[in-house]
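Q: Chains as they are written, first to last, in the numbering used here: chain A, 84 to 483; chain B, 78 to 313.
Ideal Cβ placement from N, Cα and C applies to all residues, glycine included.
The structure under discussion is supplied below as structure tokens; questions concerning it will follow.
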Amino acid sequence: MINLAGRDILHAWGKFVFTGLGLGLLIGVTLSMAGIYRGMVEDAKVLLSNSGAHLWVVQQDTQGPYAESSNLHDDLYRGLLAVPGVARAANVTYFTMQVRRDSGDVRAMVVGIVPGGPGEPGQPGYLVAGRHITRAHYEAVADVTAGLRIGERIKIRRDHYTVVGLTRRMVSSGGDPMVFIPLKDAQEAQFMKDNDAIVRQRRRTTANPAFNRPGAPDVLEAVIASQNTNPYVNAVLVQLAPGRDPEAVAADIRRWKRLSVFTRAQMEDILVGKLIATSARQIGMFLVILSTVSAAIVAFIIYTLTLGKIREIAVLKLIGTRNRTIAGMIMQQAVGLGVIGFVVGKIAATFWAPIFPKYVLLLPGDAALGFVAVVVICVLSSIMAIRAALKVDPAEAIGG
Amino acid sequence: MAQAGVRINGLLKRYGTGDAAVDALKGVDMQVAPGEVVGLIGPSGSGKSTLLKCLGAVIEPTAGRMTLGEVVIYDGRWQIRDLRTLRRDKIGFVFQAPYLIPFLDVTDNVALLPMLAGRPNGEARHRARQLLEALDVGHRAEAMPAQLSGGEQQRVAIARALVNRPPLILADEPTAPLDSERALTVIQILNQMAAQYETAVIVVTHDEKIIPTFKRIYHIRDGRTHEQAGEGRIMQ
Ligand SMILES: Nc1ncnc2c1ncn2[C@@H]1O[C@H](COP(=O)(O)OP(=O)(O)OP(=O)(O)O)[C@@H](O)[C@H]1O
Ligand SMILES: [Mg+2]
């Protein structure tokens with residue numbers, strides 16, 4: 084027996100290839116949407132892994148520092164170091180802003196870190212170029228996706244920084260590249276007021292008799308100094324001594340220090356389950372719509388192709404072709420269309436993934452799932468055409 | 078041998094019921110011997126297509142009896158369960174238009190029937206080629222139907238009708254789209270093949286050019302048949 088579906092596809096290959104191409108681009112978009120979701124999850128995990136932390140210590144009753152704002156006193160980490168099981172603890176600040184450069188500005192997540200060895204939590208991790216921050220001020224390490232070059236001068240709030248190193252895969256959960264700067268600078272930048280505001284506040288403080296007491300000039304100076312320093316950080320990243328149970332240490336810190344503490348697993352829950360959950364639902368909605376549109380296209384094309392073959396189908400039935408054979412022919416064509424579409428879509432998605440501004444992670448498992456979905460959709464969408472074909476009366480071939 | 082061929086006795090066909098009922102066949106009697114080609118002629122609406130559809134087992138008659146070879150296929154009701162297989166193995170169809178399958182080449186258009194009957198592809202194609210040679214279209218065996226002339230297509234359609242060696246061929250206006258020379262060639266081929274394969278052939282036609290070629294003609298009028306001797310002139 085010959086494969087009728089295959090012969091028909093070879094005969095009308097133009098129709099199939101063009102339809103397959105269109106369908107393929109649609110499938111490519113679908114795969115990319117899944118890839119964007121995977122990329123977001125992966126970015127979140129990388130963000131957590133690259134921080135090098137086992138525990139995130141944040142302000143009580145907040146889910147900081149990524150999902151909610153959190154403020155902690157910057158000397159709190161010393162107390163944490165005394166908690167049994169804690170090996171290292173480092174202050175860190177996060178704030179998202181526009182980083183200015185000569186040619187426009189880039190949106191970035193500015194991370195304040197304590198310059199130190201790469202073993203310290205919160206460090207940029209692996210560098211693709213340049214070096215780590217070594218000075219206490221005005222040096223920066225940026226993620227390559229920010230598009231900055233080594234030696235470039237950037238401006239964060241009022242201060243200029245020199246880019247000394249480039250890192251990779253360091254982006255916020257929103258996909259913004261990270262720019263690391265020394266903690267002191269970051270604290271200042273995060274809370275800094277402009278000159279006028281400082282002058283105004285100084286004037287007001289000076290005018291307040293409670294601060295500006297005759298005979299006690301030190302008070303005024305101390306108050307002004309305290310108004311212009313920022314003793315807060317957003318989180319303390321904690322590394323544990325080997326073999327310590329993160330849950331147990333976290334419970335200790337919670338009990339003694341009245342702080343919120345999250346383990347790696349809890350942090351992942353917050354990032355994936357809460358921070359990007361809306362985006363995930365958005366993407367899920369897209370997937371549903373794209374699958375529906377793909378199904379409609381396959382159904383429509385296969386139905387049209389089948390209606391165009393009613394005469395041939397009547398003849399095939401008249402000369403004794405089984406209904407099963409005819410249904411199989413139509414279904415195979417639908418699946419054939421799907422396979423062409425899937426191949427085109429996979430290739431397209433692979434080609435355009437790197438062009439996306441955010442990380443697109445195409446997992447082979449997702450592709451396999453997508454393939455199964457395409458086949459199922461094609462089989463289902465051929466049902467309408469098959470019903471039409473089975474209704475064809477062989478008597479039609481004889482005519483009137 | 079007297080028993081073989083096709084016999085139809087008192088065949089009735091009523092379309093619809095009640096007030097809308099149409100009696101398309103009101104008592105058709107007909108007999109065609111193996112190897113014989115008979116003409117079936119009659120005015121429009123007389124029941125020619127209805128008769129072919131009943132014989133071709135695509136619509137069910139209302140009453141009567143039909144015998145194909147030794148087998149009673151209809152006697153008040155179908156006597157055979159698998160009409161699909163009956164059509165495939167026992168009846169060849171030739172239509173006004175050739176209705177070849179456009180996505181199969183000429184050989185496979187013909188070989189499809191034995192393949193549907195479960196013959197291996199090689200054997201089916203071999204048989205198809207032999208028939209195409211016999212019908213003088215062997216040189217076009219590799220072509221697609223759209224690349225053939227009307228007469229060539231009709232010969233391929235005849236090859237398809239013959240390939241399973243059916244005892245009966247039903248031809249509905251097989252010469253309508255052809256000029257007189259080609260029309261006569263087609264009839265000549267049908268006669269040859271009928272004789273060679275001992276096939277009974279019924280040709281429905283309006284075509285004045287070919288009517289003189291039949292030895293026997295059935296006139297059908299208002300659902301009833303009348304037999305008449307023909308001139309039986311086959312040229313060359
Ligand atoms: N499916 C049907 N339902 C109801 N009546 C029908 C049906 N098919 C045919 N008829 C009627 O049966 C009668 C015979 O029709 P048939 O098609 O057999 O004629 P015919 O001899 O083939 O005519 P023509 O030469 O025009 O093809 C006609 O009166 C026609 O209207
Ligand atoms: Mg008719």
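If we require 4 or more residues per run, which alpha helix (DSSP H) segments fall completely within the segment 229 to 275 of chain A?
A: If only uninterrupted alpha helix (DSSP H) runs of at least 4 residues are considered, those enclosed by the segment 229 to 275 of chain A are 266 to 274.
Q: List, in order along the chain, the chain A residues whose C-beta lies closer than 7 Å to that of glycine 141 of chain B?
A: Position 64 of the second sequence, counting from 1, holds the residue named residue 141 of chain B. By Cβ distance, chain A contributes nothing, its closest Cβ being about 18 Å from glycine 141 of chain B, past 7 Å.
Q: On the CB-based measure, 16 or more other CB atoms within 10 Å of its CB, does glutamine 313 of chain B come out buried or exposed?
A: The residue labelled residue 313 of chain B in the question sits at position 236 within the second sequence. With a pLDDT of 49 at glutamine 313 of chain B, under the threshold of 50, the modelled position of that residue is not reliable, and the figure given next carries that caveat. Exposed: under 16 other Cβ atoms inside 10 Å.
Q: From the beta carbon of isoleucine 469 of chain A, is the nearest beta carbon of chain B less than 7 Å away?
A: Walking along the first sequence from the start, residue 469 of chain A turns up at place 386. No, no contact with chain B.
Q: 7 Å is my cut-off, CB to CB: does proline 477 of chain A come that close to chain B?
A: In the first sequence, residue 477 of chain A corresponds to position 394, counting from 1. Taking Cβ atoms only, chain B reaches closer than 7 Å to proline 477 of chain A, which makes this a yes.
Q: Can you pull the chain A residues whose beta carbon is under 8 Å from the beta carbon of isoleucine 297 of chain B, in chain order?
A: Along the second sequence, read from residue 1 onward, the residue named residue 297 of chain B stands at position 220. Ordered by position in chain A, no residue passes the 8 Å Cβ test against isoleucine 297 of chain B, which lies about 15 Å from the chain.
Q: Could you name the residues of the same chain whose beta carbon sits closer than 6 Å to that of leucine 87 of chain A, not counting the 5 residues immediately before and after it, in chain order?
A: To locate residue 87 of chain A, count along the first sequence from 1; it is residue 4. Around leucine 87 of chain A: Met412.
Q: Which word fits proline 251 of chain B, buried or exposed, when buried means at least 16 other C-beta atoms lie within 10 angstroms of its C-beta?
A: If you number the second sequence from 1, residue 251 of chain B lands on position 174. Classification of proline 251 of chain B: buried, given that the 10 Å Cβ count is 16 or more.
Q: Assuming arginine 165 of chain B and isoleucine 402 of chain A make a contact with CB atoms under 8 Å, what is their CB distance in whole Å?
A: By 1-based counting over the second sequence, the position of residue 165 of chain B is 88. By 1-based counting over the first sequence, the position of residue 402 of chain A is 319. With a Cβ gap of about 6 Å, arginine 165 of chain B and isoleucine 402 of chain A count as contacting.
Q: Please classify phenylalanine 383 of chain A: does DSSP put it in a helix, a strand, or coil?
A: As a position in the first sequence, residue 383 of chain A is number 300, starting the count at 1. Correct three-state label for phenylalanine 383 of chain A: helix.
Q: Taking CB distances under 7 Å as the criterion, tell me whether arginine 90 of chain A reaches chain B.
A: Along the first sequence, one-based indexing puts residue 90 of chain A at 7. Arginine 90 of chain A counts as touching chain B.
Q: Compare the C-beta of tyrosine 274 of chain B with all C-beta atoms of chain A and state if any pair is closer than 7 Å.
A: Within the second sequence, residue 274 of chain B is the residue found at index 197, counting from 1. Taking Cβ atoms only, chain A never reaches closer than 7 Å to tyrosine 274 of chain B, which makes this a no.
Q: Ordered along the chain, which non-local residues of its own chain (more than five positions away) have a Cβ less than 6 Å from that of isoleucine 423 of chain A?
A: Working through the first sequence from its first residue, we reach residue 423 of chain A at position 340. Result list for isoleucine 423 of chain A: Gly103, in chain order.
Q: DSSP three-state label for glutamate 222 of chain A, please.
A: Working through the first sequence from its first residue, we reach residue 222 of chain A at position 139. It is a strand residue.
Q: Is there at least one non-hydrogen atom of ligand 2 closer than 6 Å to the beta-carbon of serine 314 of chain B?
A: Shown here, chain B extends from 78 to 313; a query on residue 314 of chain B therefore has no answer.
Q: Helix or strand or just coil, what does DSSP make of asparagine 241 of chain B?
A: What you label residue 241 of chain B is simply residue 164 of the second sequence in a count that begins at 1. Residue state, collapsed to three classes: coil.
Q: Can the beta-carbon of proline 190 of chain A be found closer than 7 Å to that of valine 227 of chain A?
A: By 1-based counting over the first sequence, the position of residue 190 of chain A is 107. By 1-based counting over the first sequence, the position of residue 227 of chain A is 144. A quick correction: the sequence has arginine, not proline, at residue 190 of chain A. Going by C-beta atoms, arginine 190 of chain A is not nearer than 7 Å to valine 227 of chain A.
Q: Within the 7 Å Cβ cut-off, does glycine 391 of chain A reach chain B?
A: Counting from 1 along the first sequence, the entry for residue 391 of chain A is found at position 308. No, glycine 391 of chain A does not count as interfacial toward chain B.
Q: Beta carbon of serine 126 of chain B: closer than 6 Å to some heavy atom of ligand 4?
A: As far as ligands go, the structure on display features ligand 1 and ligand 2 and does not contain ligand 4.
Q: Tell me isoleucine 294 of chain B's beta-bridge partners as DSSP assigns them.
A: Here residue 294 of chain B refers to the residue found at position 217 of the second sequence. Bridge partners of isoleucine 294 of chain B: B:Gly116 and B:Gln305.
Q: Quick one: is the Cβ of valine 99 of chain B within less than 6 Å of any heavy atom of ligand 1?
A: As a first step, residue 99 of chain B is located in the second sequence; it is residue number 22 there, counting from the start. Because some heavy atom of ligand 1 lies under 6 Å away, the Cβ of valine 99 of chain B counts as near it: yes.
Q: Pick out whichever of A:Gly428, A:Lys474 and A:Gly97 has its Cα sitting closest to the Cα of arginine 116 of chain A.
A: Working through the first sequence from its first residue, we reach residue 116 of chain A at position 33. First, the residue type needs correcting, since residue 116 of chain A is methionine and not arginine in the sequence shown. For methionine 116 of chain A, the nearest C-alpha among the options comes from A:Gly428.
Q: Is methionine 84 of chain A close to chain B, meaning its C-beta is less than 7 Å from at least one C-beta of that chain?
A: Along the first sequence, read from residue 1 onward, the residue named residue 84 of chain A stands at position 1. So yes, methionine 84 of chain A belongs to the interface.
Q: With 8 Å as the limit, tell me which residues of the segment 119 to 141 of chain B have their beta carbon closer than that to any beta carbon of chain A; keep them in chain order.
A: Ser126, Leu129, Lys130, Gly133, Val135 and Ile136
Q: Measure the C-alpha to C-alpha separation of tyrosine 295 of chain B and glutamine 305 of chain B and round it to an integer number of angstroms.
A: Locating residue 295 of chain B in the second sequence gives position 218, counting from the first residue. Locating residue 305 of chain B in the second sequence gives position 228, counting from the first residue. Whole-angstrom Cα-Cα distance: 6 Å.
Q: Quickly, what does DSSP pair arginine 91 of chain B with across the bridge? List them, please.
A: One-based indexing of the second sequence puts residue 91 of chain B at position 14. Arginine 91 of chain B is bridged to B:Asp100.
Q: Is tyrosine 177 of chain A helix, strand or coil by DSSP?
A: Here residue 177 of chain A refers to the residue found at position 94 when the first sequence is read from its first residue. DSSP places tyrosine 177 of chain A in strand when its eight states are reduced to three.
Q: Would isoleucine 460 of chain A pass as an interface residue toward chain B - the criterion being a Cβ-Cβ separation below 7 Å?
A: In the first sequence, the residue the question calls residue 460 of chain A occupies position 377. With its beta carbon at least 7 Å from every one in chain B, isoleucine 460 of chain A lies outside the interface.
Q: Give every residue of the same chain whose Cβ lies closer than 6 Å to the Cβ of glutamate 151 of chain A, excluding the five residues on either side of it in the sequence, and list them in chain order.
A: As a first step, residue 151 of chain A is located in the first sequence; it is residue number 68 there, counting from the start. Within the same chain, glutamate 151 of chain A has close Cβ partners Thr145.
Q: Using a Cβ-Cβ distance cut-off of 7 Å, determine whether isoleucine 413 of chain A contacts chain B.
A: The count along the first sequence starts at 1 and reaches residue 413 of chain A at position 330. No, its Cβ sits nowhere closer than 7 Å to a Cβ of chain B.
Q: I believe leucine 145 of chain B touches lysine 167 of chain B by the beta-carbon criterion, under 8 Å. Please report the beta-carbon distance rounded to the nearest angstrom.
A: Position 68 of the second sequence, counted from the first residue, corresponds to residue 145 of chain B. Position 90 of the second sequence, counted from the first residue, corresponds to residue 167 of chain B. With 8 Å as the limit, leucine 145 of chain B and lysine 167 of chain B qualify as a contact, their Cβ atoms being about 6 Å apart.
Q: Let me check understanding here. Comparing Cα to Cα, which of A:Ile85, A:Ile92, A:Ala95 and A:Gly122 lies closest to alanine 436 of chain A?
A: For the purposes of this step, residue 436 of chain A is taken as the residue at position 353 of the first sequence. Residue A:Gly122 is the option with its Cα nearest to alanine 436 of chain A.
Q: Rounded to whole angstroms, how far is the Cβ of glycine 205 of chain A from the Cβ of valine 169 of chain A, which I believe are closer than 8 Å?
A: As a first step, residue 205 of chain A must be located in the first sequence, where it is residue number 122. As a first step, residue 169 of chain A must be located in the first sequence, where it is residue number 86. That belief does not hold up - the Cβ atoms of glycine 205 of chain A and valine 169 of chain A are roughly 15 Å apart, past 8 Å.
Q: Only counting the same chain, and skipping five residues up and downstream in sequence, which positions put a Cβ closer than 7 Å to that of valine 398 of chain A?
A: Within the first sequence, the letter at position 315 stands for residue 398 of chain A. These residues qualify, in order along the chain: Ala480.
Q: Looking only at its own chain, which residues have a Cβ that is under 7 Å from the Cβ of alanine 221 of chain A, when we skip the five neighbours before and after it?
A: Residue mapping note: residue 221 of chain A aligns to position 138 of the first sequence, counting from 1. In the sequence as displayed, the identity of residue 221 of chain A is tyrosine instead of alanine. Cβ within range, chain order: Asp242, His243, Tyr244, Thr245 and Asp268.
Q: Ignore the nearest five residues each way along the sequence and tell me which others in isoleucine 359 of chain A's own chain have a CB closer than 6 Å to its CB.
A: As a first step, residue 359 of chain A is located in the first sequence; it is residue number 276 there, counting from the start. Excluding positions up to five away in sequence, the list reads Met123.
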